[in-house]
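For this note's numbering, count along the sequence shown from 1 and bump the result up by 16.
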Amino acid sequence: MDISLASFVAAIVVMAAPLVLAALGETLTEKAGVVNLSLDGTILLSAMTGFVVASRSQSLALGFVAAVLVGGLVAALLTVIGVWLGQSQVAVGFALTFLCRDLAYFLGNPYARQQGPQLATMPLPFLADIPFFGKVLFSHSLVVYLSFLAIPCCFYFLYHTRYGLLVRAAGENPEGCWARGINPTKVRILATIAGGMLVGLAGAAFSLAVKPGWGQPQGCEGIGWIALALVIFGSWNPLRVIAGAYLFGMLQLLGIYFQDFFPAIPGQIFQVAPFPLMIFALILIHLSSKRPGRITRLFSGKPPKWLGKAYRRS
Numbered sequence: 017m018d019i020s021l022a023s024f025v026a027a028i029v030v031m032a033a034p035l036v037l038a039a040l041g042e043t044l045t046e047k048a049g050v051v052n053l054s055l056d057g058t059i060l061l062s063a064m065t066g067f068v069v070a071s072r073s074q075s076l077a078l079g080f081v082a083a084v085l086v087g088g089l090v091a092a093l094l095t096v097i098g099v100w101l102g103q104s105q106v107a108v109g110f111a112l113t114f115l116c117r118d119l120a121y122f123l124g125n126p127y128a129r130q131q132g133p134q135l136a137t138m139p140l141p142f143l144a145d146i147p148f149f150g151k152v153l154f155s156h157s158l159v160v161y162l163s164f165l166a167i168p169c170c171f172y173f174l175y176h177t178r179y180g181l182l183v184r185a186a187g188e189n190p191e192g193c194w195a196r197g198i199n200p201t202k203v204r205i206l207a208t209i210a211g212g213m214l215v216g217l218a219g220a221a222f223s224l225a226v227k228p229g230w231g232q233p234q235g236c237e238g239i240g241w242i243a244l245a246l247v248i249f250g251s252w253n254p255l256r257v258i259a260g261a262y263l264f265g266m267l268q269l270l271g272i273y274f275q276d277f278f279p280a281i282p283g284q285i286f287q288v289a290p291f292p293l294m295i296f297a298l299i300l301i302h303l304s305s306k307r308p309g310r311i312t313r314l315f316s317g318k319p320p321k322w323l324g325k326a327y328r329r330s
């Protein structure tokens, strides 16, 4: 197989785009102290909804809007039960992910294996002609550009704005947040819904751009669990989470390419490689808390103190 370095890196960027959006959405949610385990089901339901709405209306814009709304709606259900009513966020998340997955396959069954609209690439004038970087960064669809834009926006929002400070305060010290006149429950709900909308966008990115179409099993099944692992892998730091997303994207792509170069090795080996890496990262995080060093410091990080815990005003 003849492939240039620019084509290889560009393919990684495309493969990782939905994962970047989903992982950033979960990072925003967990920074506020809420665990949203419904990611995998949300991505499937959003992917199906986006494809069906776009096919019926022949409007890609409506497809993306519908998928984003579905992501926000699922996250809102999680906040009602897990945040407002104070029930187990883990249990609710698991229930929602299986409910959403089954709903996606049941409601989307009539549209399986059908052709539908697909987001076209939009090479940026002049920038796409730059050697190497033009192909890698400026010759993609709108979804990839949105994933690029979401990275600095998420980082700036969390660490350089007052609202980002409130989100982190709701996850680290909700009592202090309340003492300053801010309702941490409200902050948690809004951050979780916003994160869920990013996850919904990731679902539409799969069915309308990266892996166009809908079917069972869907190509994006399991991606939500990877996004959850990336948040831990990245120690709840958006930039590290994104680095992990591109690393996982590269591993997925290698799994495809290496099947041609090494036909004797099952492709599943490369597809499951992200999971041992996740375990390796968890070990490093554990070691960093026991024996701080140069290498372990790179992976050090602690979850928000109130992550997954219900808050009640004392």
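The C-beta atom is built at its ideal place from N, Cα and C for all residues, glycine as well.
For this session: Flag this pair as touching only if the stretch 202 to 221 and the stretch 83 to 93 have three or more C-beta atom pairs under 8 Å; answer yes or no.
Result: With the cut-off at 8 Å, the stretch 202 to 221 and the stretch 83 to 93 touch.
Exercise. Hey, which unbroken runs of the beta strand (DSSP E) at 3 residues or more fall wholly within the stretch 245 to 269?
Worked result: Whole beta strand (DSSP E) segments, 3+ residues: zero.
For this session: Excluding the 5 residues preceding and the 5 following F114 in the sequence, name in chain order all residues of the same chain whose CB lies nearer than 7 Å to its CB.
Result: Counting from one through the sequence shown, the residue named residue 114 turns up at place 98. Excluding its 5 nearest sequence neighbours in each direction, F114 has C-beta neighbours in its own chain below 7 Å: G57, listed in chain order.
Problem set entry | Chain-order list of residues whose beta-carbon lies under 6 Å from that of A26 (same chain, five-residue window excluded) | Position 10 of the sequence shown, counted from the start, is the residue given in the question as residue 26. Shown here for A26: same chain residues with a beta carbon closer than 6 Å to its own, the five before and five after excluded, namely K151, V152 in chain order.
Exercise. In whole angstroms, what is the alpha-carbon distance linking V69 and A77?
Worked result: As a first step, residue 69 is located in the sequence shown; it is residue number 53 there, counting from the start. As a first step, residue 77 is located in the sequence shown; it is residue number 61 there, counting from the start. Between V69 and A77, the C-alpha separation is close to 9 Å.
Exercise. How many Å lie between W100 and N253 at the Cα?
Worked result: Counted from its first residue, the sequence shown places residue 100 at position 84. Counted from its first residue, the sequence shown places residue 253 at position 237. So the two alpha carbons sit approximately 26 Å from each other.
For this session: Could you give the DSSP three-state label for S104: helix, strand or coil?
Result: Your numbering for residue 104 matches position 88 in the sequence shown. When secondary structure is reduced to three states using DSSP, S104 falls in the coil class, being assigned neither helix nor strand.
Exercise. What do you reckon, are the CB atoms on N52 and L94 nearer than 8 Å?
Worked result: Residue 52 sits at position 36 when you count from the first residue of the sequence shown. Residue 94 sits at position 78 when you count from the first residue of the sequence shown. Result yes, Cβ atoms of N52 and L94 sit closer than 8 Å.
Exercise. Q74 to Y127, Cα distance in whole Å?
Worked result: Indexing the sequence shown from 1 puts residue 74 at position 58. Indexing the sequence shown from 1 puts residue 127 at position 111. Near 14 Å, if we compare the C-alpha coordinates of Y127 and Q74.
For this session: Could you pull the start and end residues of the alpha helix (DSSP H) that G57 belongs to?
Result: Position 41 of the sequence shown, counted from the start, is the residue given in the question as residue 57. Counting along the chain, the alpha helix (DSSP H) containing G57 begins and ends at 55 to 73.
Exercise. How many Å lie between S23 and N189 at the Cα?
Worked result: Locating residue 23 in the sequence shown gives position 7, counting from the first residue. Locating residue 189 in the sequence shown gives position 173, counting from the first residue. So the alpha carbons of these two residues sit roughly 46 Å apart.
Exercise. Near E191, which residues of its chain fall below 6 Å by C-beta distance, leaving aside the five closest residues on each side in sequence?
Worked result: In the sequence shown, residue 191 corresponds to position 175, counting from 1. Within the same chain, no residue comes within 6 Å of E191 by CB-CB distance, once the 5 residues on both sides are set aside.
For this session: Could you name the residues of the same chain whose beta carbon sits closer than 6 Å to that of E237, not counting the 5 residues immediately before and after it, in chain order?
Result: Reading the sequence shown from its first residue, position 221 is the one you call residue 237. Within the same chain, E237 has no close Cβ partners at all.
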